[in-house]
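Numbering (UniProt numbering), first residue to last: 1 to 165.
We put the beta carbon where it would ideally sit given N, CA and C, even for glycine.
Note that this is a predicted model, so its numbers are computed, not measured.
Notes follow once the structure below has been shown.
Given below as structure tokens:
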């Protein structure tokens with residue numbers, strides 16, 4: 001598993017924070033096409049791929065390393081639930097998409113902007129030890145979060161710049 005985990009760690013260092021920009025069902029989320037647009041080039045770069053076969057109501061997410069053949073997987077049962085205004089096939093399709101999105105996010109360790117509250121951002125900033133990682137974190141925030149935490153970023157940037165001298 002050494003190759004897979006090394007590639008996954010490198011992927012996680014590069015993948016940006018995903019923005020929850022789609023609304024529906026009284027909450028916001030990052031839709032699956034946006035997740036795929038963001039992750040696919042980085043997965044390829046790091047020799048990773050995934051598949052999500054469906055067997056009945058069980059969705060399996062398999063993350064694999066191209067060269068070594070190493071893989072990890074996770075399975076989740078899609079609940080048979082009916083949603084208001086949808087027939088059973090529409091509800092199933094919605095459930096599959098929902099679970100694909102969250103299972104993929106989980107196995108890859110993806111983070112969305114709404115998952116990051118003030119203490120999370122400040123904690124991440126305090127642990128960042130180079131300007132590239134700090135800039136990556138900053139770019140991954142929403143405009144509102146960037147505005148709210150500008151002084152923390154400025155202070156940390158000064159600390160890191162001083163450390164380099």
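Start-to-end residues for the beta strand (DSSP E) that takes in residue i
{"i": "residue 51", "result": "48 to 51"}
{"i": "residue 61", "result": "58 to 65"}
{"i": "residue 94", "result": "Not the beta strand (DSSP E): residue 94 falls in the alpha helix (DSSP H), residues 88 to 108."}
{"i": "residue 72", "result": "71 to 77"}
Identity of the residue in the options nearest residue i by Cα
{"i": "residue 50", "options": "110, 66, 56", "result": "66"}
{"i": "residue 76", "options": "55, 149, 17", "result": "55"}
{"i": "residue 108", "options": "61, 93, 86, 161", "result": "61"}
{"i": "residue 73", "options": "64, 81, 90", "result": "64"}
{"i": "residue 1", "options": "48, 14, 151, 13", "result": "48"}
{"i": "residue 46", "options": "137, 12, 17", "result": "12"}
Nearest-angstrom Cβ-Cβ length linking residue i and residue j, presumed shorter than 8 Å
{"i": "residue 93", "j": "residue 78", "result": "At roughly 10 Å, the Cβ-Cβ gap does not stay under 8 Å, so residue 93 and residue 78 are not in contact."}
{"i": "residue 91", "j": "residue 81", "result": "6 Å"}
{"i": "residue 16", "j": "residue 139", "result": "7 Å"}
{"i": "residue 4", "j": "residue 71", "result": "7 Å"}
{"i": "residue 186", "j": "residue 100", "result": "This structure leaves residue 186 out entirely; the chain is present only between 1 and 165."}
{"i": "residue 30", "j": "residue 42", "result": "With a Cβ gap of about 15 Å, residue 30 and residue 42 do not count as contacting."}
Run of the alpha helix (DSSP H) containing residue i, from where it starts to where it stops
{"i": "residue 34", "result": "32 to 45"}
{"i": "residue 18", "result": "Element bounds for residue 18: n/a, residue is neither H nor E."}
Heavy atom of the ligand MN within 7 Å of residue i beta-carbon
{"i": "residue 14", "result": "The ligand content of the structure shown is nil, which means the ligand MN is not present either."}
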